[in-house]
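Using this note's numbering, read the sequence shown as starting at 48 and increasing by one per residue.
All C-beta atoms in this analysis are idealised placements derived from N, C-alpha and C, irrespective of residue type, glycine included.
Everything on this sheet refers to the single structure shown next.
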Amino acid sequence: MSGSSGAALIWQDVTLSARSRAVIASQQAQKTYYSGLKAWAERDYATARDLLEYANRQAPESQHVMFALVLARQMTRDLSEAEILLSALLSECDFKEGWMLLAGLRLELQDVAGALAAAEHLLSHFSCNADIADFVSKIYHLNGVAGWCGLEGNGQIRWGSRSPLKPVSVCYDDTVQPVCRRGKEWFCPEGWQHAEVVSVIFSGGDHFFGNDFRPEHIIKCEGFVEEEAEGLRGWAWFPYDSQREPVLKVIDVQSGKTLQHVHATVLDETGGAQRPGAMYRHFSLSQHELPAGFISVRDEYGRDLAGSPLFPGQKARSAVAVARYLAGMRLTASEVFSSSDKGVAESFLPVPVLTNNIPVPEVSGQRAPLAIIIPVFRDLTCTRRCLEAVRKTTQGIKIQVLVINDASPERELTDFVKAFCEKYNFSCHQNERNLGFPGTVNKGLRALAGHDVILLNSDTCVAEGWLAELRRIAYRDQQTGTVTPFSNDASILSYPSHERENAEPDAMQTRVFMAAALVANKGVSYDIPTGHGFCLYIRHDCLKQTGLLREDVFAQGYGEENDFCMRARALGWKHKAAPGVFVAHTGAASFGSARADLMARNADILEDLHPGYHALVADWIRRDPLSEARRRFDQVRFRARGVAARVCKKTVLLVTHHHGGGVERVIQERAASYRKRSFRVLILRPSKKGCLIEDSTAPEDFPSLAFTLPDEHAGLLDLLQHENVQKVELHHLLGHHPSIAHLANELCCSCDVFVHDYMWFCQRISLLDPSGNYCGEPDLSGCERCISTGGNNIEEDISVAVYVQRSASVLSMADTVYVPSRDTAQRMLKHFPEITCVVRPAEKRVKRAELPGRGKQATAGHYVPADGFLKTPRQAESRRLRLCIVGAIGREKGYDVLYQAALDAALRDLPLEFVLVGHTPDDTPLLNTGRVYITGRYKEGDAVTLLESIQADAAFLPSVWPETWCFTLELAWKAGLSVIAFDHGAPAERIRATGQGVVINPHLRGAELNEMLIKSINIGNK
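Dropping the structure here:
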């Protein structure tokens, strides 16, 4: 927006990316969160809850904020709401403290069965240390349970019962073995750690609570290790036994010898853990403690930490070896290097990204037989789906399928894979220990030397036609080394959107996507900077020349296929996208809490090995060569949906902006209304270069259905004609190319205009002058002066006279011009006297609810939002009047008005305070007055309940522009509040018509405004 004045609204600023908005929101939430913790530490629980409720609305995905809010709700005795929020949190994050609290809350709420279920989850999933044992003993004793049983991480059996029973045997893996006694304690026999479920049998034969243990959880260890300048550093912890200190083993990879044991003891005090209750324990090893070679850092059960194995000092040793070689270039390599130095030099020799003078690869000129390698490890459901899909799509095709079980801990998965492969003649290999993705794939590549191979993740789903199309693209260009398809989760190859997370299609939807991909893009390919390992076709000659994946630097994975592609690129091989293939991908997160650290480490290694890699990918993303392929894909699916919806027979097009707010609410209500009448509803919004079409039933399904205007106007028109658009509604043209206003004429259909604000004649849209006040609607010359001084809020440079004349032309061609209020009609007619406006309220009137308000004070100890933060006096003689403001309050909506009023109320200690149910561009100045509390963003369905809970005396609409409607006015009425508003625009008109409020002088500010607000509230209360 050129030259716009006033505070920028971050939710409307199109210059901010989604990531930028998220960063801003995260920073604001973090500040609020720490303020809430500070209040908690001071035992000011009401204030802590106010702040944490606010932080939770700012960052609803933050687990730390959620848990802190649960505690605050508990302390303010809102137990039901605490239990609801905690249950939601535990469905995402499994942690001991949460389950203990949940059991306690449910007991207080008289939900005994729920409390026992929470306690049983603790026993079956967590190591039964002393605090859990004490806790469940009390829970079960209070509720008359005969006995309970738990299992510690070292295999010790704990139990409590009303009768003198003792454990006699343990059942797991279909076997029953006697327990082991060591002194006075009882333990599971060796091997229990590898079982899926362990049950303890007692002498009386009773089955105690908790007695179906999950060893995989109880002994689970998460950790990460990486190289630093001084040696190694890392962290580890047991998520289900958090008080236990991990003891790690450093092992020489070549000999298998244990070099030393390392105790991870230093607790992380930075607060960087991703989940509540996490107790990361750090460790480090100095360089002199480490051998010259590959080492593995494992937990006490022999499992590598993320980032292991690794070669400490590999990069530095490689640099030294290369420098020696260069210094002795006149000598032979054998005279310069020792044999070990030569290997080191080769192991970390950077291969810069080439952009020109790329060599010609060694092409075999022959087609090789095709094989598929599928590494499997976890998730039986995904694995079964993958193998079944591969079986169905390879029937009758001469192809070898090799399934490699990477030492899966899931017995059921192992049994299934083995039986499936035997039944359908797939090859099956079993790793003795977990090798990670690179090691497992290399095992398959060695076994299938001379084949073209497809590396296929076990969490994928393929459909008919995928093999033929991948192979077609692989040999379309003789220099093609790898081919990667589209997928819902494939980074730069993601579809429908490559910018946000996509929904995962089921098997049927995958078949539909695959068929559409072939129709849209069969035989088409694009150069890409790198392939993606979820489904990667590698030609035999590329593989032979490039070599295997690197196990030595990428540990368990992330980046190994990118490194392979960069090495192949340096040899002249090209990497291709095959947009005629779609493969579904679950993309489950591996490595738990260590995932982010491993990805960051490997990204750095990738750049070290291939300087310029990240710049290469970033430049490709910027150019977005796949945009046309995605659009063709979108068009095929879009038209197919249109054919399926032909029962509708008619299609309506709603034209709007992308700023949300009240306009978006009307759009969604109109769309729903049309769908009830069997219309297909399309929505047209502005995009960066033109416009974007949405299907109203699935607004995120076609993100590439965009057209660059004016160049692609004919294509847009063709699409709309094909969809049989018979009516156009113009709701907002902000951001659109001027040609969009004439679509109805070109489509030879009817057109209605819906007026939502004054963009038709005011280039600043809201009738505010550069000082932020109502402009008075001057003549054209006055408008020109306003624009030249303060700038406009439209995305083009056009004189006011031409702009108004153009609007008049569009309005005159409309069948009907709808306005939401008489006030709006009068203002429109002043500027467009030739048009007829039809008043159509934006929503139905509701009868004002009758609520007690704040006249009846809450009972002592009952939490009322904002009371804590605002330090609201409870005594009747010193109570403050409370005004509620609703919505997103920017400058036009009265941000400055509210700030001045709050500041005056604080400075003069007036009996007046404000609660903003919503948000602003900058909450801090308002909060700092001590007279404003802000709830944060609310969900539409929660608004009335939230308004009722704050017990306001009245609502205040501080908007400084003559609004055309105002949905928040209706919300206030639904909550039973009388409303005070400035005497302009539709709100004043509606208040006069209903008598449900007071209108005041729109020029009042600061002290004068506060006096009027207090007077108006008192009159209303009387």
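{"Asked": "Cα-Cα, which of HIS622, THR992, ASP970, ALA745 is closest to ALA76?", "Found": "ASP970"}
{"Asked": "Hey, which unbroken runs of the alpha helix (DSSP H) at 4 residues or more fall wholly within the segment 766-839?", "Found": "790-794, 827-837"}
{"Asked": "Select from VAL933, ALA953, LEU974 the residue whose C-alpha is nearest the C-alpha of PHE1014.", "Found": "VAL933"}
{"Asked": "Could you tell me how far apart the beta carbons of ILE652 and ILE539 are, in whole angstroms, since I believe they sit closer than 8 Å?", "Found": "About 20 Å; that fails the 8 Å criterion."}
{"Asked": "Have a look at GLY207, GLN203, ARG519, GLN768 and flag the residue whose alpha-carbon is nearest the alpha-carbon of TYR8.", "Found": "Residue 8 cannot be examined here, being either before or after the span of the chain that is shown, 48 to 1069."}
{"Asked": "Taking the alpha-carbon of CYS196 as reference, which of LEU154, CYS140, LEU763, ASP259 has the nearest alpha-carbon?", "Found": "ASP259"}
{"Asked": "Near GLY915, which residues of its chain fall below 6 Å by C-beta distance, leaving aside the five closest residues on each side in sequence?", "Found": "ALA93, THR94, ASP97"}
{"Asked": "Using the rule of at least 16 other Cβ atoms within 10 Å of the residue's Cβ for burial, across every protein chain shown, is VAL423 buried or exposed?", "Found": "buried"}
{"Asked": "Would you list, in sequence order, the uninterrupted alpha helix (DSSP H) runs of no fewer than 4 residues that lie entirely inside the segment 388-472?", "Found": "427-441, 458-471"}
{"Asked": "Assuming ASP870 and GLY1032 are in contact, meaning their beta carbons sit under 8 Å apart, how far apart are those beta carbons, in whole angstroms?", "Found": "6 Å"}
{"Asked": "Going by alpha carbons, who is nearest to LYS213 out of PHE249, VAL245, GLY191, GLN290?", "Found": "PHE249"}
{"Asked": "Are the beta-carbon atoms of ILE520 and ALA625 separated by less than 7 Å?", "Found": "yes"}
{"Asked": "Check each candidate in ALA935, GLU469, GLY659 and name the one with the smallest Cα separation from PRO10.", "Found": "Residue numbering for the chain in the displayed model covers 48 to 1069; residue 10 lies beyond these limits and cannot be assessed."}
{"Asked": "Using the Cβ count rule (16 or more neighbours within 10 Å means buried), how would you classify TYR81?", "Found": "exposed"}
{"Asked": "May I ask which residues mark the beginning and end of the alpha helix (DSSP H) holding LEU656?", "Found": "642-656"}
{"Asked": "Output yes or no for whether 7 Å exceeds the beta carbon distance between GLY349 and ASP288.", "Found": "no"}
{"Asked": "Which residue from THR967, ASN975, LEU517, SER127 puts its Cα closest to that of TYR1075?", "Found": "Since the first residue of the chain shown is 48 and the last is 1069, residue 1075 is not available in this structure."}
{"Asked": "Given that a residue counts as buried once 16 or more other Cβ atoms are within 10 Å of its Cβ, and exposed if not, what is PRO293?", "Found": "buried"}
{"Asked": "Pick helix, strand or coil for THR527, following the three-state DSSP scheme.", "Found": "strand"}
{"Asked": "Within its chain, find whatever has a CB closer than 6 Å to the CB of LEU898; leave out the 5 residues flanking it on each side and keep chain order.", "Found": "Interpretation of LEU898 is limited by its pLDDT of 45, a score under 50 that renders its predicted location unreliable; no figure is taken from the coordinates."}
{"Asked": "Once the 5 residues before and after GLY604 are set aside, which same chain residues still bring their CB inside 7 Å of it?", "Found": "GLY483, PHE484, PRO485"}
{"Asked": "Is the CB-CB distance between ALA129 and ALA150 below 7 Å?", "Found": "no"}
{"Asked": "When we look at the beta-carbon of THR976 and count the other beta-carbons within 10 Å, is it buried (16 or more) or exposed?", "Found": "buried"}
{"Asked": "With C-beta atoms as the reference, is SER365 less than 7 Å away from SER355?", "Found": "no"}
{"Asked": "Please say whether MET561 and GLY19 have beta carbons closer to each other than 7 Å?", "Found": "The chain is shown only over 48 to 1069; residue 19 falls outside these bounds and no answer can be derived."}
{"Asked": "Using 7 Å as the threshold, is the C-beta distance between ILE730 and LEU701 below it?", "Found": "yes"}
{"Asked": "Would you call the CB atoms of VAL488 and CYS468 closer than 7 Å?", "Found": "no"}
{"Asked": "Taking 6 Å as the cut-off, is the beta-carbon of CYS468 closer than that to any non-hydrogen atom of the ligand SAM?", "Found": "This structure lacks the ligand SAM, and indeed carries no ligand of any kind."}
{"Asked": "Using 10 angstroms around the beta-carbon of GLU277, count the other beta-carbons present and answer buried if the total reaches 16, otherwise exposed.", "Found": "exposed"}
{"Asked": "Would you mind giving the Cβ-Cβ distance between PHE801 and TYR865, rounded to the nearest angstrom? I have them listed as a contact below 8 Å.", "Found": "5 Å"}
{"Asked": "Can you give the Cα-Cα distance for ALA905 and ALA861, rounded to whole angstroms?", "Found": "Caution applies to ALA905, whose pLDDT of 43 falls short of 50 and renders its modelled position unreliable; the model cannot decide the point."}
{"Asked": "What residues match up with ILE219 in a beta bridge as DSSP calls it?", "Found": "Strictly speaking, residue 219 in this sequence is Tyr, with Ile absent from that position. Per DSSP, THR222."}
{"Asked": "Can you tell me which of GLY491, ASP351, THR430 puts its alpha carbon nearest to the alpha carbon of LEU417?", "Found": "GLY491"}
{"Asked": "Have a look at ARG955 and VAL885 and give me their C-alpha separation to the nearest angstrom.", "Found": "47 Å"}
{"Asked": "So what does PHE1014 bridge to, in DSSP terms?", "Found": "According to DSSP, which records beta bridges pairwise, PHE1014 is partnered with nothing at all."}
{"Asked": "Quick check: what's the CA-CA separation for ASN568 versus THR577?", "Found": "20 Å"}
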